[in-house]
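>
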């Protein structure tokens, strides 16, 4: 009886060792690390949103302008970064080109001023600015009337459709690249195979950009903006994320998928300025977001939808850099593998 039990135990332990290999153990630990990073990043970015150094304009009579700017700059917690603006026309232009997120227009003949906001750039930020300004005006025994000069579309009441659209494109990009890798080995074994993967990714990016644009536009009427502009942006976002994923896989094999998830999902999504625009994020996330594909894509999508394509150059350069960098690394790594004597 004891011999039978010992044999069963030995068989069980042998099966455990064969199932839980060192490689599998490392992958499981990697997944655990990604989970912890996911919880930490999202909680760290979103648990205490508050406006900090929001670009803010002040239109006021010359004799009162400097004093008012000084008072607003000294508010507790530094919620605003105020600067004088010469006229309401100039203020509206700076809201439209996304250099300002709010403007206070002082009425020299009365006690009710106007606050101009642009909720198309983020409803949560517009509301936060309104609360700050109302409190500051109340302390001066004045009132304020809010005017939303660039409102979010009725089908996009919280101005979140741009963010969700870009997140969907990003997910599609790295999943497509992961499938291309898993189907025939994580590392492309020669330059020819790498070119085929990149070409397949490019075709997929065009289809994914079109599909996303159709869904948020004609199908759901959730986001305004130029159809072809959003389609082109979607194709660029998908290809940039996919090429980055292919590059990570070319460098690290299957572990590269985890690195891509770290860059795009764990670091990129909470810093994208979606639910909370950049001025409401902690400093680390505010600085990181514009440099990653989700942040660049979200900013660009909102610019196309609500700001007539203003302030697009920077985000498009960021996305192009990720796309070009991923392409070059994927091709270079596969060519080097061939030269090292590892052809397919």
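Numbering (my numbering), first residue to last: 77 to 420.
Here a beta-carbon is modelled for each residue, glycine too, at the ideal position from N, C-alpha and C.
Please state if the CB of residue 231 and the CB of residue 314 are separated by a distance shorter than 8 Å.
Taking the first residue of the chain shown as position 1, residue 314 is located at position 238. Taking the first residue of the chain shown as position 1, residue 231 is located at position 155. Going by C-beta atoms, residue 314 is not nearer than 8 Å to residue 231.
> Assuming residue 369 contacts residue 395 (C-beta within less than 8 Å), just tell me the rounded distance between them.
On the chain shown, position 293 is the one that residue 369 refers to. On the chain shown, position 319 is the one that residue 395 refers to. The pair is a contact, with the Cβ atoms about 6 Å apart (cut-off 8 Å).
> Run through the DSSP bridge pairs and tell me what residue 131 is partnered with.
Numbered from its first residue, the chain shown carries residue 131 at position 55. Partner(s): 157.
> Taking C-alpha atoms, which residue in 326, 238 and 210 lies nearest to residue 267?
If you number the chain shown from 1, residue 267 lands on position 191. Among 326, 238 and 210, the Cα nearest to that of residue 267 belongs to 326.
> Whole angstroms are fine: how far does the CA of residue 372 sit from the CA of residue 410?
As a working note, residue 410 is residue 334 in the chain shown. As a working note, residue 372 is residue 296 in the chain shown. Going from the Cα of residue 410 to the Cα of residue 372 covers about 28 Å.
> Taking the continuous beta strand (DSSP E) assigned at residue 148, which residues delimit it?
On the chain shown, position 72 is the one that residue 148 refers to. No beta strand (DSSP E) contains residue 148, which is instead part of the alpha helix (DSSP H) from 138-149.
> Are the Cβ atoms of residue 208 and residue 220 separated by less than 8 Å?
Here residue 208 refers to the residue found at position 132 when the chain shown is read from its first residue. Here residue 220 refers to the residue found at position 144 when the chain shown is read from its first residue. Against a cut-off of 8 Å, the Cβ pair of residue 220 and residue 208 comes out as no contact.
> Between 312, 406, 407 and 362, which has its C-alpha nearest residue 392's C-alpha?
Counted from its first residue, the chain shown places residue 392 at position 316. Nearest C-alpha to residue 392: 312.
> Going by other Cβ atoms of all chains shown within 10 Å of its Cβ, with 16 needed for buried, is residue 360 buried or exposed?
In the chain shown, residue 360 corresponds to position 284, counting from 1. Result: exposed.
> Are the Cβ atoms of residue 284 and residue 310 separated by less than 8 Å?
Here residue 284 is taken as the residue at index 208 of the chain shown, counted from 1. Here residue 310 is taken as the residue at index 234 of the chain shown, counted from 1. Yes; because the gap between Cβ atoms is below 8 Å, this pair is in contact.
> Pick helix, strand or coil for residue 178, following the three-state DSSP scheme.
Your numbering for residue 178 matches position 102 in the chain shown. Of the three classes helix, strand and coil, the one that applies to residue 178 here is strand, per DSSP.
> Okay, do the segment 125-138 and the segment 166-186 touch, 3+ Cβ pairs below 8 Å being the bar?
Touching, yes, given that three or more Cβ pairs across the two stretches are closer than 8 Å.
> Which whole-angstrom value is the C-beta distance of residue 117 and residue 346, which I expect to be below 8 Å?
Counting from one through the chain shown, the residue named residue 117 turns up at place 41. Counting from one through the chain shown, the residue named residue 346 turns up at place 270. About 5 Å; that satisfies the 8 Å criterion.
> The alpha helix (DSSP H) spanning residue 251 covers which residue range?
Reading the chain shown from its first residue, position 175 is the one you call residue 251. Looking at the DSSP string, the run of the alpha helix (DSSP H) that includes residue 251 is 237-259.
> When you compare only the Cα positions, how much space is there between residue 397 and residue 390?
Along the chain shown, read from residue 1 onward, the residue named residue 397 stands at position 321. Along the chain shown, read from residue 1 onward, the residue named residue 390 stands at position 314. Computed Cα separation, rounded: 11 Å.
> For residue 324, I'd like the list of residues in its chain whose CB is within less than 6 Å of its CB, leaving aside the five on either flank, ordered along the chain.
As a position in the chain shown, residue 324 is number 248, starting the count at 1. These residues qualify, in order along the chain: 332, 335 and 336.
> Near residue 213, what residues of its chain come up, given a Cβ to Cβ distance below 7 Å and the 5 sequence neighbours on each side ignored?
For this step, residue 213 is matched to residue 137 along the chain shown. The answer, listed in chain order, is 189, 219 and 220.
> Could you give the DSSP three-state label for residue 168: helix, strand or coil?
As a working mapping, residue 168 is identified with position 92 in the chain shown. It is helical.
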